[in-house]
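Participant:
Protein chains: 2
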Amino acid sequence: MTAQRHFDEELSTLKERLLTMASLVESMIFKAVKSLTEREEPLIQEVNKDEEKVNLLEIEIDERCLKLLALHQPMATDLRFITSAMKINSELERIGDMAVNITQCVEVLIKQPQLKPYIDLPRMADLTQKMVKDSLDAFIKNDADLARSVLRSDDQVDGLKDQIFRELLTFMMSDHSTISRALELILVSRHLERIGDHATNIAEDVIYLVQGKDIRHRIEEKRVREK
Amino acid sequence: MTAQRHFDEELSTLKERLLTMASLVESMIFKAVKSLTEREEPLIQEVNKDEEKVNLLEIEIDERCLKLLALHQPMATDLRFITSAMKINSELERIGDMAVNITQCVEVLIKQPQLKPYIDLPRMADLTQKMVKDSLDAFIKNDADLARSVLRSDDQVDGLKDQIFRELLTFMMSDHSTISRALELILVSRHLERIGDHATNIAEDVIYLVQGKDIRHRIEEKRVREK
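Taken in order, these protein sequences are the chains called F and R. Going by this note's numbering, the letters in the first sequence line up with residues 282 to 508, in that order. Going by this note's numbering, the letters in the second sequence line up with residues 282 to 508, in that order.
1. Could you name the residues of the region 455-467 of chain F whose beta carbon sits closer than 8 angstroms to any beta carbon of chain R, in the order they occur along the chain?
2. Pick out whichever of R:L350, R:R375, R:L305 has its Cα sitting closest to the Cα of R:K330.
3. For the alpha helix (DSSP H) that R:N329 lies in, which residues bound it at each end?
4. If you compare alpha carbons, which of F:L468, F:L295, F:I421, F:S316 is closest to F:I483?
5. Ordered along the chain, which non-local residues of its own chain (more than five positions away) have a Cβ less than 7 angstroms from that of R:R404?
6. Taking the straight line between their C-alpha atoms, what separation do you get for F:I460 and R:T294?
7. 8 angstroms is my cut-off, CB to CB: does R:A357 come that close to chain F?
8. Name, please, each residue of chain R whose Cβ falls closer than 7 angstroms to the Cβ of F:S371.
9. Which one of F:S416, F:D401, F:E474 has the shortest CA to CA distance from F:L449?
10. By the 10 Å Cβ neighbour count, where 16 or more other Cβ atoms means buried, how is F:L299 classified, buried or exposed?
11. Give me the subset of the region 323-354 of chain R whose CB atoms are less than 7 angstroms from a CB atom of chain B, sorted by chain position.
12. Throw me the rounded Cβ distance for the R:M367 and F:T364 pair, which I believe falls under 8 angstroms.
13. Grouping DSSP H, G and I as helix and E and B as strand, with all else coil, what is F:K508?
14. Note down the Cα distance separating F:L292 from F:C346, rounded to an integer number of angstroms.
15. Just to confirm my understanding: we take F:K508, look at its own chain, exclude 5 residues before and 5 after, and list those with CB closer than 7 angstroms. What are they?
16. Out of F:E332, F:A351, F:L396, F:L408, point me to the one whose CA is closest to F:I476's CA.
17. How about R:P398: is its Cβ closer than 7 angstroms to a heavy atom in the ligand SAM?
18. Report the residue ranges of all alpha helix (DSSP H) runs contained in full by the region 412-450 of chain R; include only those spanning at least 4 residues, in chain order.
19. Under 8 angstroms between C-beta atoms, does R:R250 make it to chain F?
20. Starting from R:M544, follow the alpha helix (DSSP H) in both directions and report where the run begins and ends.
21. Relative to chain F, which residues along the region 385-406 of chain R have a C-beta separation below 9 angstroms, given in chain order?
22. When you compare the CB of R:T364 with every CB in chain F, is at least one pair closer than 8 angstroms?
23. Quick one, are the C-beta atoms of R:I488 and R:R429 less than 8 angstroms apart?
24. Contact defined as beta carbons within less than 8 angstroms: I believe F:H479 pairs with F:E372. What is the distance between those atoms, to the nearest angstrom?
25. According to the neighbour-count rule (16 or more other Cβ atoms, all chains shown, within 10 Å of its Cβ), is R:A463 buried or exposed?
26. Return the chain-ordered list of same chain residues with a C-beta closer than 6 angstroms to the C-beta of F:N382, the five sequence neighbours on each side being excluded.
27. Measure the C-alpha to C-alpha separation of R:V510 and R:T481 and round it to an integer number of angstroms.
28. Assign R:N370 to one of two classes, buried (16 or more other C-beta atoms within 10 Å of its C-beta) or exposed (fewer than that).
29. Taking the CB atoms as reference points, tell me whether R:A313 and R:V387 lie closer together than 8 angstroms.
30. So, F:V431 versus F:M454, is the Cβ gap smaller than 8 angstroms?
31. Got a sec? Which residues, its chain only, sit under 6 angstroms from F:R320 by beta carbon, not counting five neighbours each side?
32. Rounding to the nearest angstrom, what Cα-Cα distance links R:A433 and R:D418 in this structure?
33. Measure how close the beta-carbons of R:L350 and F:L360 come, nearest whole angstrom, since I'm counting them as under 8 angstroms.
34. Which residues in chain R have a C-beta closer than 8 angstroms to the C-beta of F:R361? List them in chain order.
35. With distance defined between alpha-carbon atoms, name the residue in F:Q492, F:H287, F:E327 nearest to F:H353.
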């Protein structure tokens with residue numbers, strides 16, 4: 282096998298492993314929020330088991346990237362692709378951590394009566410799962426437009442987070458007994474927000490990769506101005 | 282100049298720039314918390330200006346790393362050092378973001394009377410600043426023991442965060458009018474906690490780098506067991 286062909290095969294395995302990791306963390310977000318809405322404790326254990334798999338995958342992917350860099354000494358585009366893969370790998374692992382953090386809130390919440398019907402949290406969860414999926418697809422397909430759609434979804438996620446915050450603040454203000462549950466729900470929304478942030482980091486890396494210039498901070502500056 | 286000497290010089294510039302970035306984000310943490318304790322609005326603007334510098338530094342350091350990888354095609358230790366530098370660069374930038382997030386809470390807080398004397402938040406800020414400094418020093422000096430001390434500090438930071446949470450919960454429960462201020466203070470403590478997490482990520486990378494094996498998830502697993 283030629284060195285080039287070997288490199289291409291290794292690169293395609295790397296992509297496949299990243300997609301596997303992305304699906305796994307997506308399902309963790311789904312299970313974590315379902316454990317809340319359906320009050321299903323076994324799902325909490327599943328998320329914890331999934332996290333172990335994510336941790337092993339992270340190490341494996343990191344090693345694959347280092348091997349690709351060391352053995353094939355890629356240039357330009359391939360080099361950027363592999364260093365981006367290393368960053369994306371970290372982001373995915375942290376998304377898994379956030380799903381675990383959500384289940385820690387759920388453990389507290391399902392011991393008490395449900396405070397209110399959950400509408401916005403599942404919507405946030407759906408949005409963030411899609412952001413994870415789309416940001417990874419954008420990376421694999423080199424698709425800057427898809428990556429940009431992730432940035433737009435992040436604005437929606439932030440909007441929902443603010444809405445949840447205001448709503449729960451009203452609950453707390455009008456009824457003492459809701460404070461500790463409302464706080465846990467606010468934390469769940471913050472963890473989902475952070476998942477959105479991690480997916481956004483991935484999407485910004487993709488746009489950087491495709492356009493070869495750094496949009497990360499231009500976007501940030503724009504956001505700061507808009508606030 | 283030989284290629285090796287050129288590489289060594291580039292590497293030492295890279296280290297120096299990372300240290301510059303670390304000092305900058307440390308000072309941002311300091312200013313953000315001081316803007317709260319001293320109710321000094323101009324410090325908020327300073328932190329926002331510092332963030333622009335951090336963003337430029339992040340791009341510069343990222344480019345330096347890519348150039349080192351592309352032009353010198355380093356092997357083994359140097360390769361791991363440079364890919365770690367890229368990760369650490371992202372962590373530092375996010376620490377800067379957290380300092381900005383703190384100032385957003387401060388903007389709300391200083392418009393209202395101070396809820397209580399601030400004791401634990403400045404302690405958290407001191408601890409996290411030291412964690413940032415030590416994790417970077419550990420990286421530059423290849424010092425796994427110093428990196429391990431950062432992990433221990435993180436347990437202290439988490440302890441303070443829990444303490445602050447319990448205290449503010451009591452405030453909210455006993456007096457409605459404190460709820461919105463207490464919530465903002467809880468958020469400040471969460472941002473500081475995340476700064477501690479980012480410094481911990483750096484420290485774990487350093488231990489990995491020094492020991493050549495992945496302790497990241499062993500540490501995590503230990504933590505999960507202890508919980």
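Think of the CB as a built atom: it goes at the ideal place given N, C-alpha and C, for glycine as much as any other residue.
Facilitator: So, to answer that:
1. H457, I460, S461, L464, I467
2. In the second sequence, residue 330 of chain R corresponds to position 49, counting from 1. Nearest option by C-alpha distance: R:L305.
3. Here residue 329 of chain R refers to the residue found at position 48 of the second sequence. Start and end: 322-353.
4. Against the first sequence, residue 483 of chain F aligns to sequence position 202. Among F:L468, F:L295, F:I421, F:S316, the Cα nearest to that of F:I483 is on F:I421.
5. Against the second sequence, residue 404 of chain R aligns to sequence position 123. L441.
6. Taking the first residue of the first sequence as position 1, residue 460 of chain F is located at position 179. Taking the first residue of the second sequence as position 1, residue 294 of chain R is located at position 13. Cα to Cα, the separation comes out at about 51 angstroms.
7. To locate residue 357 of chain R, count along the second sequence from 1; it is residue 76. It does; some Cβ of chain F falls within 8 angstroms.
8. Indexing the first sequence from 1 puts residue 371 of chain F at position 90. What F:S371 touches in chain R: K368.
9. Working through the first sequence from its first residue, we reach residue 449 of chain F at position 168. Answer by Cα proximity: F:D401.
10. Within the first sequence, numbered from 1, the residue matching residue 299 of chain F stands at position 18. By the 10 Å Cβ count, F:L299 comes out buried.
11. Chain labels in this structure do not include chain B; the protein chains are F and R.
12. As a first step, residue 367 of chain R must be located in the second sequence, where it is residue number 86. As a first step, residue 364 of chain F must be located in the first sequence, where it is residue number 83. So it is a contact: roughly 6 angstroms between Cβ atoms.
13. Residue mapping note: residue 508 of chain F aligns to position 227 of the first sequence, counting from 1. At F:K508, the pLDDT of 46 sits below 50, so the modelled position is not reliable and the matter cannot be decided from this model.
14. As a first step, residue 292 of chain F is located in the first sequence; it is residue number 11 there, counting from the start. As a first step, residue 346 of chain F is located in the first sequence; it is residue number 65 there, counting from the start. About 9 angstroms.
15. As a working note, residue 508 of chain F is residue 227 in the first sequence. Interpretation of F:K508 is limited by its pLDDT of 46, a score under 50 that renders its predicted location unreliable; no figure is taken from the coordinates.
16. The residue labelled residue 476 of chain F in the question sits at position 195 within the first sequence. With distances taken between Cα atoms, F:I476 lies closest to F:L408.
17. With respect to the ligand SAM, the structure shown offers nothing to examine, as it has no ligands at all.
18. none
19. Here chain R has residues from 282 to 508 only, and residue 250 of chain R is not among them.
20. Nothing can be reported for residue 544 of chain R: it is not among the residues displayed for chain R, which extend from 282 to 508.
21. Q385
22. Here residue 364 of chain R refers to the residue found at position 83 when the second sequence is read from its first residue. Taking Cβ atoms only, chain F reaches closer than 8 angstroms to R:T364, which makes this a yes.
23. The sequence position of residue 488 of chain R within the second sequence is 207, counting from 1. The sequence position of residue 429 of chain R within the second sequence is 148, counting from 1. A contact, by the Cβ cut-off of 8 angstroms.
24. Within the first sequence, residue 479 of chain F is the residue found at index 198, counting from 1. Within the first sequence, residue 372 of chain F is the residue found at index 91, counting from 1. The Cβ separation is near 4 angstroms, so the contact holds.
25. The residue labelled residue 463 of chain R in the question sits at position 182 within the second sequence. Classification of R:A463: buried, given that the 10 Å Cβ count is 16 or more.
26. In the first sequence, the residue the question calls residue 382 of chain F occupies position 101. So the list reads H472, once near-sequence residues are dropped.
27. It is not possible to answer for residue 510 of chain R, since the shown part of chain R is limited to 282 through 508.
28. In the second sequence, counting from the first residue as 1, residue 370 of chain R sits at position 89. Per the 10 Å Cβ criterion, buried.
29. Counted from its first residue, the second sequence places residue 313 of chain R at position 32. Counted from its first residue, the second sequence places residue 387 of chain R at position 106. In this structure, R:V387 lies closer than 8 angstroms to R:A313 by Cβ.
30. Position 150 of the first sequence, counted from the first residue, corresponds to residue 431 of chain F. Position 173 of the first sequence, counted from the first residue, corresponds to residue 454 of chain F. Contact flag unset, no.
31. To locate residue 320 of chain F, count along the first sequence from 1; it is residue 39. For F:R320, where only same-chain residues beyond five positions count, the Cβ hits under 6 angstroms are I391.
32. Stepping through the second sequence from its first residue, residue 433 of chain R is reached at position 152. Stepping through the second sequence from its first residue, residue 418 of chain R is reached at position 137. According to the sequence shown, residue 433 of chain R is Arg rather than Ala. Their Cα atoms are separated by approximately 16 angstroms.
33. Taking the second sequence and counting its residues from 1, one reaches residue 350 of chain R at position 69. Taking the first sequence and counting its residues from 1, one reaches residue 360 of chain F at position 79. Correct: roughly 6 angstroms between the Cβ atoms.
34. As a first step, residue 361 of chain F is located in the first sequence; it is residue number 80 there, counting from the start. What F:R361 touches in chain R: L347.
35. Here residue 353 of chain F refers to the residue found at position 72 when the first sequence is read from its first residue. For F:H353, the nearest C-alpha among the options comes from F:H287.
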